[in-house]
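Here's the structure we're looking at; comments come further down.
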Amino acid sequence: MPPRKIIIDTDPGQDDAVAILLALASPEEIDLLGITCVAGNVALPLTTRNARMVCELATRRDVAIYAGCDRPLGRDLVTAEYVHGKTGLDGPDLPEPQMLLQDQHAVEFIIETLRAHAPGTVTLCPIGPLTNIATAFNNAPDIIDKVQEIILMGGAYFEVGNVTPAAEFNIYVDPQAADIVFRSGVPLIVMPLDVTHKALVTVERNAAFRSLGTPVGIAVAQMTEFFERYDREKYGTLGAPLHDPCVTAYLIRPDLFSGRHVNVQVEVTSELTMGMTVADWWGVTQNAPNAVFIGDLNADGFFDLLTERLARL
Ligand code: BDR
Ligand code: CA
Numbered sequence: 447m448p449p450r451k452i453i454i455d456t457d458p459g460q461d462d463a464v465a466i467l468l469a470l471a472s473p474e475e476i477d478l479l480g481i482t483c484v485a486g487n488v489a490l491p492l493t494t495r496n497a498r499m500v501c502e503l504a505t506r507r508d509v510a511i512y513a514g515c516d517r518p519l520g521r522d523l524v525t526a527e528y529v530h531g532k533t534g535l536d537g538p539d540l541p542e543p544q545m546l547l548q549d550q551h552a553v554e555f556i557i558e559t560l561r562a563h564a565p566g567t568v569t570l571c572p573i574g575p576l577t578n579i580a581t582a583f584n585n586a587p588d589i590i591d592k593v594q595e596i597i598l599m600g601g602a603y604f605e606v607g608n609v610t611p612a613a614e615f616n617i618y619v620d621p622q623a624a625d626i627v628f629r630s631g632v633p634l635i636v637m638p639l640d641v642t643h644k645a646l647v648t649v650e651r652n653a654a655f656r657s658l659g660t661p662v663g664i665a666v667a668q669m670t671e672f673f674e675r676y677d678r679e680k681y682g683t684l685g686a687p688l689h690d691p692c693v694t695a696y697l698i699r700p701d702l703f704s705g706r707h708v709n710v711q712v713e714v715t716s717e718l719t720m721g722m723t724v725a726d727w728w729g730v731t732q733n734a735p736n737a738v739f740i741g742d743l744n745a746d747g748f749f750d751l752l753t754e755r756l757a758r759l
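All letters in the sequence shown, in the order written, are residues 447 to 759 by our numbering.
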């Protein structure tokens, strides 16, 4: 099978960084057409900076990186420096990036790319708030039917919320955008907290990254060490959940994941539950399934894959 053509839409973020590195390390399975940045974990000037730093860490200055939307569709931007540090990529001491951003706006790049490719041949991989994707769908509805699949990190059902008691961060930051994407009719694979909270970087798994002995392995170990402090304190878990790499790992080894094809809707009205992803996991409605909602993964297989692939960079 030829590699899948994808666009990663991202707000790096240490876990976004690992997701990008995994894609860059996997050219047999993944043809990365470009990286589009969005405001989320930190403001847009930092997410665009961080995406470039990650590509330079992998010595991939050839990757096309685009700046996108700097705020959600209808709400003020909420950021997560309390998790990711003030740069969004705290932990390793990486040099300021030299590579340039593309001139084109991320939304224009998404639209142009989907129009330029045969229908059903480009997959979108959002691992931040869904503002860029929803704006592209709003501005160019003709592209919606051309998307092969959207594989995204966002939402939660059994784990409920991480930023409010009801909502996961990526969906909470731009619930209107998420609602547009979940109603779009594009086949969705969703990596909610229910699965990402099972992808925990234990001490042993972090040591495996570090013992690669490469700049990438050491930086990934430092990144996960930095952002694990938040989840360790909050949940009492063994280490940081690697949310976003679940998306790129799924492209390589979908067999590591399991879930259910269910109806998922996003709360956009109630302030109390804003951004909640209401998943009909138990099939108690007649609402048509619109998403494969992933619930479990083979965590050892996932970390073996990550370590093996990061060793290539
Ligand atoms: C999501 O929010 C961000 O903090 C992470 O990068 C991930 O995409 C987890 O809720
Ligand atoms: Ca992210």
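We put the CB at the ideal spot given by N, CA and C, even for glycine.
CA-to-CA distance, residue j to residue i, given in whole angstroms
| i | j | result |
| --- | --- | --- |
| residue 662 | residue 496 | 14 angstroms |
| residue 634 | residue 740 | 10 angstroms |
| residue 730 | residue 646 | 31 angstroms |
| residue 718 | residue 611 | 9 angstroms |
| residue 457 | residue 743 | 24 angstroms |
| residue 494 | residue 483 | 6 angstroms |
| residue 692 | residue 637 | 7 angstroms |
| residue 687 | residue 616 | 15 angstroms |
| residue 628 | residue 710 | 7 angstroms |
| residue 566 | residue 504 | 29 angstroms |
| residue 658 | residue 677 | 25 angstroms |
| residue 706 | residue 728 | 9 angstroms |
| residue 478 | residue 684 | 32 angstroms |
| residue 671 | residue 651 | 11 angstroms |
| residue 654 | residue 753 | 7 angstroms |
| residue 534 | residue 668 | 13 angstroms |
| residue 514 | residue 490 | 8 angstroms |
Residue i beta carbon near ligand 2 (any heavy atom closer than 7 angstroms)
| i | result |
| --- | --- |
| residue 719 | no |
| residue 608 | no |
| residue 455 | no |
| residue 487 | yes |
| residue 462 | yes |
| residue 690 | yes |
Closer than 7 angstroms: residue i CB and nearest ligand 1 heavy atom
| i | result |
| --- | --- |
| residue 590 | no |
| residue 514 | no |
| residue 563 | no |
| residue 459 | yes |
| residue 615 | yes |
| residue 529 | yes |
| residue 653 | no |
Segment limits, alpha helix (DSSP H) that includes residue i
| i | result |
| --- | --- |
| residue 706 | Counting along the chain, residue 706 falls outside any alpha helix (DSSP H), though it belongs to the beta strand (DSSP E) covering 703-708. |
| residue 589 | Looking at the DSSP string, residue 589 is not in any alpha helix (DSSP H), and its letter there is neither H nor E. |
| residue 497 | 490-503 |
| residue 670 | 661-681 |
| residue 632 | Neither: residue 632 is in no alpha helix (DSSP H) and is coded neither H nor E. |
| residue 619 | 615-619 |
| residue 561 | 552-562 |
| residue 697 | 691-698 |
| residue 540 | Note, residue 540: premise wrong, no alpha helix (DSSP H); not H, not E. |
| residue 462 | 460-470 |
Boundaries (first-last residue) of the beta strand (DSSP E) holding residue i
| i | result |
| --- | --- |
| residue 571 | 568-572 |
| residue 456 | 450-456 |
DSSP beta-bridge partners of residue i
| i | result |
| --- | --- |
| residue 742 | 704 |
| residue 686 | 647 |
| residue 402 | Shown here, the chain extends from 447 to 759; a query on residue 402 therefore has no answer. |
| residue 479 | Paired residue(s): none; residue 479 is not in a bridge. |
| residue 511 | 481 |
| residue 724 | 711 |
| residue 737 | 634 and 708 |
| residue 593 | 568 |
Proximity test, residue i beta-carbon vs ligand 3 heavy atom, cut-off 7 angstroms
| i | result |
| --- | --- |
| residue 574 | Looking for ligand 3 in the displayed structure turns up nothing; the ligands present are ligand 1 and ligand 2. |
Chain C contact for residue i (CB, 8 angstroms cutoff)
| i | result |
| --- | --- |
| residue 722 | Given the protein chain composition of this structure (a single chain), no chain C is represented. |
Exercise for the section: Check whether the segment 565-573 touches the segment 582-601, counting contact only when three or more Cβ pairs, one atom from each stretch, lie closer than 8 angstroms. Expected result: yes
Problem - Inter-stretch contact (C-beta, 8 angstroms, three-pair minimum) for the segment 464-476 and the segment 694-714 - result: yes
Exercise for the section: Could you say if the segment 575-588 and the segment 540-554 meet the contact criterion of at least three C-beta pairs nearer than 8 angstroms? Expected result: yes
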